[in-house]
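Residue numbering for the sequence shown follows full-length UniProt numbering, beginning at 1 and increasing consecutively.
Step one of this worksheet: look at the structure below.
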Amino acid sequence: MIIVKKANTSLEDFNLNGSIIQNPYKAFMPYWKGDTSSFFEYMKSNELEYNFRAENIFELNKKCNEFLSNLSNTIKKNIGQFDPRIINSLGQRNLVDVTENDYLKITFQKENNLPFSDEEIQTFLNNPSRSFLDLRQYSAEKNELTLIYNRRGIYDEGSRIAVLKSKDTLTFRENFKDAKDNNFILSGFVYEFANLGEDFKYSFFVGEDERENIITAEEILNAKDERLDRNEAIITQKAAQDIASSEIRKEKQERRQSLGYDSTSGEILAEASTEIRINPVKENIETINENINNSINSNQNNSINNSNNVNKTKEALEQMVEQAIDFYEQKEIEKMRIRLNNARTDAKLAYEDMMYKIRNGSSALEALNFAKQKYSEEHTINMASAFLSKDILEVDIKNNEITTLRSKISELDNNNTLLNEEITKREQAITSLKSTMQQKVNEINLLKEKHEEDLIAVTNALKEEALKQVAEYENKLEGIQSSFREIIAKKDEELAQQDEAIFKFNALNENLNLRLSDVEEKADKLIKQNGILEQSNLNFKEQVEKLEKENSIIKNNNLELEKKINELIKQNGILEQSNLNFKEQVEKLEKENSIIKNNNLEFEKTNSELVKKVEDFVKLNKNYTDVKKDDEKVKKYDEKVKKDDEKVKKYDAISDKENVSQEDLLNMLSNEEISNRQKLEIIQQIDIMKAIDSNGQILEDKKEDKKNDNVRSFKRQQ
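This is the structure in structure tokens:
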């Protein structure tokens, strides 16, 4: 199996010294009917440089073009023994110059890198191709055959010899009719390999997928045989057409010889006016004669061989008769086709002659006889009479059309009258509408003036109202900001005082930390009491929610104010819509309405400015609400601080006493204003008083510790 690959060529591929070059004369040798020596004599006698050489590909192309041009001119003068069909193939339109861009590269490799046989290599290097120029190379190292050929070449299509450019594809089977759509040069090469029994494989792409296909030698050979049979049939048919045409021309010439007036009808009806002629092929006659001589010269004892020879002779005669009958049938069919084609062409002329006679006063029968005498062909007269019958039938159709058109004309006249009356009525309506239109124009002018006054009044009122509200909000905001600054100053002073107290408490806290370890065990028991403090935190959150509700009420008030502004904007939109409606009714007031539109645009600008100021007011109001909330929180915090100060003062007053009795401490426990933490510390103090002896120094230390505990408790509450 041979793997075939296709590639484009580059200048490096044209190695003229290492290649076997086929010159264009070899592509024309298959169309020479004589022997090889006569072909080369023809080339030399006409001074054609057919076996030329060149140094590079450009010079090779130039000499090839010169040879093709000279060969074309020579064949036009002296065709020699070339096939007559070649004259039409070598016209100026077909002989396009070959160039270096028309070359294609084909490589042949054996599957599994097997070597080529000597017979295959000689077949590749020596057999002529259909290309005008090709370069062939054999590489023993790569085990590869390379064919670089020009895509312009020559191909026998049967009905004609085509000189054209092959397709840039891979074509293996010659089962095509048109060479222009196939690579007929490659198909000729692979046919020679197929005779040696080689199959072919090639790859191609479908989208991004690479696929492979295999063509067997049997498929290539069968396709070539079918093409040869088809070409032979075409040539036979063309010969029959030529003979039929010549016989018809002969019949026409015979009819022109002194015939009577109406004597051509019998001649025309005699379709098969020629005899069947048996033209045996020279080889068949020689075979028959040889069989007869063999039968005569053979011995009497060899009767079986004699009978076989006689049978072969009969079969040969029957075959010749059958071929003669087939050819006669094909010829007569072709004659009938030519007669009918000529009759179709002459029928129109005969019809025109008949009509000319009828227009000049002749009868239809006289015109028909004139046509028969002039054209002497029954098929022509029958077709011409068909045209005449068509005219007669068209008369009846035209009469029906005339009747129909007359009725339509009467209907159109009636419709025209009704339309005229309708036009009169509409003209009167238009006159009345014009007067009404003038009245509406006047009304529109009055409404326009009124709307302009209303717009000016509304605009001024909105401006004044907006300016007043902005001034009020600015005054309120200034007062809020001044009060807020005072509150901040006060809070700064209080924070400074608290910082001083914290500094003092930090000093006391250092002493309290020494005794903290003793109290931690008891403090764990009091963690559960933190829930009470969390409840107080929830109460604080409820107060915050109440403040948020009050803020939402203020926001609702602001929304109502925005709704009022939107209502004013909608009223302005209604006024604009009324102006647009009046504009659609009266086209003459477009210029005046444009002035109104400009005024409306100014009003919209003013309105947008008012909306922006309202938005600024809403933002100021929101800031005012936030400041108010902060102010309330500060007041509550101040109240709580005051209460804590009072508690601390009371507790410090008791703690500062030098001799605090247990009864005083018990009275303090009954006070509800004292926190749980303070109560715990009082209980600890009572326990200490019970436990200590009469030593005054220990009592003094306990007092100092108690005072520090009280300060620490107050600090934690803060």
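Cβ atoms here follow ideal geometry from the backbone N, Cα and C, with glycine treated the same way.
This structure is a prediction, so every number in the text was calculated from the model and none was measured.
What are the boundary residues of the beta strand (DSSP E) that glutamate 144 is part of?
Looking at the DSSP string, the run of the beta strand (DSSP E) that includes glutamate 144 is 144-150.
Thinking C-alpha only, which one of Gly18, Ile2 and Phe52 is nearest tyrosine 25?
If we check each option's Cα against that of tyrosine 25, Phe52 comes out closest.
If I measure Cβ to Cβ from asparagine 70 and keep anything under 6 Å in the same chain, skipping five residues before and after, which residues do I get?
Contacts found: Leu48.
Using alpha carbons as the reference points, say which of Phe205, Ser187 and Glu210 lies closest to aspartate 199.
Residue Ser187 is the option with its Cα nearest to aspartate 199.
Using the rule of at least 16 other Cβ atoms within 10 Å of the residue's Cβ for burial, across every protein chain shown, is arginine 130 buried or exposed?
Buried, because 16 or more other Cβ atoms sit within 10 Å of the Cβ of arginine 130.
Have a look at leucine 104 and arginine 136 and give me their C-alpha separation to the nearest angstrom.
Cα-Cα distance, rounded: 12 Å.
Give the secondary structure of glutamate 283 by DSSP, where H, G and I count as helix, E and B as strand, and everything else as coil.
No answer about glutamate 283 holds up, because its pLDDT of 47 lies below 50 and its placement is not dependable.
Roughly how many whole angstroms lie between the Cα atoms of aspartate 35 and alanine 350?
Their backbone Cα atoms lie some 53 Å apart in a straight line.
Quick one: grab the DSSP three-state call for aspartate 97.
Coil.
Under a three-way DSSP split, which group does phenylalanine 132 fall into?
Note: phenylalanine 132 maps to coil in three-state DSSP.
Could you please give the first and the last residue of the uninterrupted beta strand (DSSP E) stretch that includes aspartate 118?
No beta strand (DSSP E) contains aspartate 118, which is instead part of the alpha helix (DSSP H) from 118-126.
DSSP three-state call for leucine 467: helix, strand or coil?
DSSP places leucine 467 in helix when its eight states are reduced to three.
Does the beta-carbon of glutamate 208 have 16 or more other beta-carbons within 10 angstroms, so that it is buried, or is it exposed?
Classification of glutamate 208: exposed, given that the 10 Å Cβ count is below 16.
Inspect the beta-carbon positions of lysine 177 and leucine 164 and report whether they are closer than 8 Å.
No, these two residues do not count as a Cβ contact at 8 Å.
Measure the beta-carbon distance from alanine 343 to methionine 354 and round it to whole angstroms, keeping in mind my assumption that it falls under 8 Å.
In fact, because the Cβ distance is near 15 Å, the residues do not count as touching under 8 Å.
Using DSSP's beta-bridge definition, name the partner residues of alanine 162.
Alanine 162 is bridged to Tyr155.
Go to tyrosine 25, then tell me how far its alpha helix (DSSP H) extends in each direction, as first and last residue.
Unbroken alpha helix (DSSP H) run through tyrosine 25: 25-28.
Once DSSP output is grouped into helix, strand and coil, what is the label at leucine 104?
DSSP places leucine 104 in strand when its eight states are reduced to three.
Leaving out five residues before and five after tryptophan 32 in sequence, what residues of the same chain have Cβ atoms less than 7 Å from its Cβ?
Contacts found: Phe39, Gln81 and Phe82.
Which residue marks the beginning of the beta strand (DSSP E) containing tyrosine 202, and which one marks its end?
Residues 200-206.
Apart from the five residues on each side of it in sequence, which residues of its chain come closer than 8 Å, Cβ to Cβ, to lysine 110?
Within the same chain, lysine 110 has close Cβ partners Met1, Ile2, Ile3, Phe116 and Asn143.
Are leucine 68 and phenylalanine 132 closer than 8 Å when you measure CB to CB?
Yes. Within cutoff.
Sort Asn195, Asp492 and Pro128 by Cα distance to tyrosine 155 and report the nearest one.
Per the Cα distances, Pro128.
Should lysine 490 go down as buried or exposed, given a rule of 16 or more other Cβ atoms within 10 Å for buried?
Lysine 490 comes out exposed.
Just the Cα atoms here: how many angstroms apart are isoleucine 161 and methionine 29?
For isoleucine 161 and methionine 29, the distance between alpha carbons rounds to 13 Å.
Please name the residue, chosen from Thr169, Thr436, Ser139 and Asp134, that lies closest to isoleucine 121 on a Cα-to-Cα basis.
Ranking the options by Cα distance to isoleucine 121, first place goes to Ser139.
Could you check whether phenylalanine 184 and isoleucine 220 sit closer than 8 Å to each other, using their CB atoms as the reference points?
Contact: no.
Once the 5 residues before and after asparagine 695 are set aside, which same chain residues still bring their CB inside 7 Å of it?
With a pLDDT of 46 at asparagine 695, under the threshold of 50, the modelled position of this residue cannot be trusted; read the value that follows with caution. Nothing meets the Cβ criterion.
Have a look at Asn17, Asn101 and Leu95 and flag the residue whose alpha-carbon is nearest the alpha-carbon of glutamate 55.
Of the listed residues, the one whose Cα sits closest to glutamate 55 is Asn17.
Write down the C-beta distance between valine 98 and asparagine 150 rounded to the nearest angstrom, noting that I regard them as a contact closer than 8 Å.
That belief holds up - the Cβ atoms of valine 98 and asparagine 150 are roughly 5 Å apart, short of 8 Å.
Please state the DSSP three-state secondary structure of isoleucine 79.
If DSSP states are grouped into helix, strand and coil, isoleucine 79 belongs with coil.
Three-state secondary structure (DSSP) at asparagine 182?
Note: asparagine 182 maps to coil in three-state DSSP.
Aspartate 499 by DSSP, collapsed to three states: which one?
In the structure shown, aspartate 499 sits in a helix (DSSP, three-state: H, G or I).
State buried or exposed for leucine 418, treating a residue as buried only when at least 16 other CB atoms are found within 10 Å of its CB.
Exposed, because fewer than 16 other Cβ atoms sit within 10 Å of the Cβ of leucine 418.
Below 8 Å on the Cβ atoms is my contact criterion, and I expect phenylalanine 189 with leucine 147 to pass it. Report the Cβ-Cβ distance as a whole number of Å.
Indeed they touch by this definition, with Cβ atoms about 7 Å apart.
How about glycine 158 and serine 166: do their beta carbons lie closer than 8 Å?
Their beta carbons are not under 8 Å apart, which means glycine 158 does not touch serine 166 by this criterion.
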